[in-house]
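Residue numbers (our numbering): 1 to 430.
Take a look at the structure below.
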Ligand code: HAM
């Protein structure tokens, strides 16, 4: 029986991991520069948490969650990070300890969507959640943070789309306007949208079904019914974005697929690359009602999450750092001399690592010639050879593959010598 990874879930092998790390480090560095600290919440949460926050009539909750019962608890593998972060924020009474909290996270999320390029069932998000600040300054600043991360990793061809959904009263008025607009067209809508029409007509605007898209043409725009306060908030966001030179487009049709948003919404879309319909690399917005609905104090909040697989498909290659600085090779010609040679090689490799030099030890019995070509493949700069002669004299022969030189050094001096070489030619960390 040969097993394969679960459909829609990907292995990330060591060869790909450096690119992942580069992206994650760029995100972490930016988040920390903006004052965010990392939060790590469980992968499992109560199913009711997601159902209530994301919304019972969203695709995520209706069709995509991995939910199960265990020990009497109804659990769901998190489809996103916001609800869990807000749950933790309330559970730990964070609002009583500080007026504003900035949290970020990086981790896998799970949605049973139909797999396609850029759309997976396990995918990675890097996100930020800002609690306690009503905006609009922080909305613009957070969107700017996303743009900075993208710039830092060399992704340039993107478009920032923004919209406002208004808050409570505006939302209710808009809902009524949409119900009035779609009710005469009920028969033209998809089955999902017919079902959602009264409860959640906003979802029709976000539907991927071509019937819904056609029926939505000419639908009332939320921007026409914003209250004065919502309008002033939105104008503030746009003015601050302009002040930060963030290029953006107001898209009144942007509603996003999760129910918890109010006021500002935004998405960042790739304008080049082969992601097709999966070109949204980041989405987020304001969710001022969530903390209170979870039993916490009234707390405004704003956040976003970026899809790491989508960003990686757009990220330029960048420099590849060799995986090993030194390849340590014991050369054993005669079985009776094996033990001291192996011991000397093991100790040398450990001493190198203790000194901070990346070293791989050839543990198999191979010919020197093969070991040298393996070292080249690994991208090692040096090969430290320990044979019978070296083991007896307490030395190692160091082959510099770049300069085609060889040096003999006492084993105790190898680490220091290498570190000086590495520092001297500025070839990066050991
Ligand atoms: P979302 O729009 O559902 O928002 O997801 C954010 C990003 O995750 C998307 O823009 C996309 O890049 C990536 N993504 C989503 N689903 C998939 C998938 N199946 N495969 C690959 N990538 C995917 C949220 O999750 C909100 N929690 C964002 C947020 C944070 N809003 C406020 N705070």
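Cβ atoms here follow ideal geometry from the backbone N, Cα and C, with glycine treated the same way.
Computed from a predicted structure; not experimentally measured.
Can you name the start and end residues of the alpha helix (DSSP H) that residue i belongs to?
| i | result |
| --- | --- |
| residue 407 | Taken as a continuous stretch (DSSP letters only), residue 407 belongs to no alpha helix (DSSP H), being part of the beta strand (DSSP E) at 405-410. |
| residue 265 | Looking at the DSSP string, residue 265 is not in any alpha helix (DSSP H); the run it does join, the beta strand (DSSP E), is 264-270. |
| residue 89 | 82-91 |
| residue 191 | 191-196 |
| residue 46 | Residue 46 -> not in any alpha helix (DSSP H); beta strand (DSSP E) instead, spanning 44-46. |
| residue 148 | 137-152 |
| residue 67 | Residue 67 -> not in any alpha helix (DSSP H); beta strand (DSSP E) instead, spanning 66-70. |
| residue 431 | Because the chain in this structure spans residues 1 to 430, residue 431 falls outside the shown range and cannot be described. |
| residue 290 | 290-293 |
| residue 342 | 338-354 |
| residue 373 | 368-378 |
| residue 212 | 210-216 |
| residue 94 | 94-97 |
| residue 204 | 202-205 |
Tell me whether residue i, by its Cβ, gets closer than 8 Å to a heavy atom of ligand 3.
| i | result |
| --- | --- |
| residue 309 | Ligand 3 is absent from the structure shown, which contains only ligand 1. |
Would you mind reading off the limits of the beta strand (DSSP E) that contains residue i?
| i | result |
| --- | --- |
| residue 167 | Looking at the DSSP string, residue 167 is not in any beta strand (DSSP E), and its letter there is neither H nor E. |
| residue 400 | 395-400 |
| residue 234 | Element bounds for residue 234: not the beta strand (DSSP E) but the alpha helix (DSSP H), 228-243. |
| residue 73 | 73-77 |
Kindly give me the distance between the Cβ atoms of residue i and residue j, rounded to whole angstroms, as I take these residues to be in contact under 8 Å.
| i | j | result |
| --- | --- | --- |
| residue 431 | residue 135 | An answer regarding residue 431 cannot be provided, because it is not within the stretch 1 to 430 covered by the chain. |
| residue 117 | residue 276 | 7 Å |
| residue 304 | residue 283 | 6 Å |
| residue 384 | residue 341 | Contact flag wrong, Cβ pair sits at about 12 Å. |
| residue 179 | residue 197 | 7 Å |
| residue 111 | residue 64 | 4 Å |
| residue 325 | residue 382 | 7 Å |
| residue 68 | residue 101 | Not confirmed; about 31 Å, so no contact. |
| residue 109 | residue 78 | 6 Å |
| residue 361 | residue 349 | 4 Å |
| residue 468 | residue 262 | No statement about residue 468 is possible, as the shown extent of the chain runs from 1 to 430 and does not include it. |
| residue 83 | residue 50 | 6 Å |
| residue 246 | residue 144 | 5 Å |
| residue 115 | residue 7 | 6 Å |
| residue 19 | residue 315 | 7 Å |
| residue 181 | residue 219 | 5 Å |
| residue 266 | residue 285 | 6 Å |
Would you list the one or two residues that DSSP bridges to residue i?
| i | result |
| --- | --- |
| residue 278 | The partner list for residue 278 (beta bridge, DSSP) is empty, contrary to what the question assumes. |
| residue 436 | Any question about residue 436 goes unanswered here, given that the chain covers just 1 to 430. |
| residue 104 | 38, 128 |
| residue 158 | 270 |
| residue 119 | 116 |
| residue 417 | DSSP output for residue 417 lists no bridge partner at all. |
| residue 110 | 122 |
| residue 327 | 360, 383 |
| residue 250 | 162 |
Is there a C-beta anywhere in chain C that falls below 9 Å from the one on residue i?
| i | result |
| --- | --- |
| residue 11 | Going by chain labels, chain C is absent from the structure shown, which holds only one protein chain. |
Would you call the CB atoms of residue i and residue j closer than 9 Å?
| i | j | result |
| --- | --- | --- |
| residue 281 | residue 291 | no |
| residue 309 | residue 10 | yes |
| residue 120 | residue 81 | no |
| residue 312 | residue 255 | no |
| residue 395 | residue 372 | no |
| residue 55 | residue 294 | no |
| residue 193 | residue 209 | yes |
| residue 128 | residue 34 | yes |
| residue 458 | residue 22 | As shown, the chain starts at 1 and ends at 430. That puts residue 458 outside it, with no answer to give. |
| residue 86 | residue 318 | no |
| residue 170 | residue 235 | no |
| residue 95 | residue 299 | yes |
| residue 346 | residue 380 | no |
| residue 107 | residue 12 | no |
| residue 66 | residue 76 | yes |
| residue 419 | residue 406 | no |
| residue 366 | residue 328 | no |
| residue 337 | residue 393 | no |
| residue 149 | residue 26 | yes |
Problem - the stretch 134-148 / the stretch 239-252 touching (three or more Cβ pairs under 8 Å) - result: Contact holds: three or more Cβ-Cβ distances are below 8 Å.
Exercise for the section: Pair every Cβ in the stretch 218-233 with every Cβ in the stretch 114-125, then say whether three or more of these pairs are closer than 8 Å. Expected result: No: the two stretches stay apart, fewer than three of their Cβ pairs being nearer than 8 Å.
Exercise for the section: Flag this pair as touching only if the stretch 324-343 and the stretch 145-157 have three or more C-beta atom pairs under 8 Å; answer yes or no. Expected result: no
Problem - At least three beta-carbon pairs within less than 8 Å, the stretch 203-214 to the stretch 161-172 - result: no
Exercise for the section: For the stretch 351-366 and the stretch 409-419, state whether three or more C-beta atom pairs, one from each stretch, are separated by less than 8 Å. Expected result: yes
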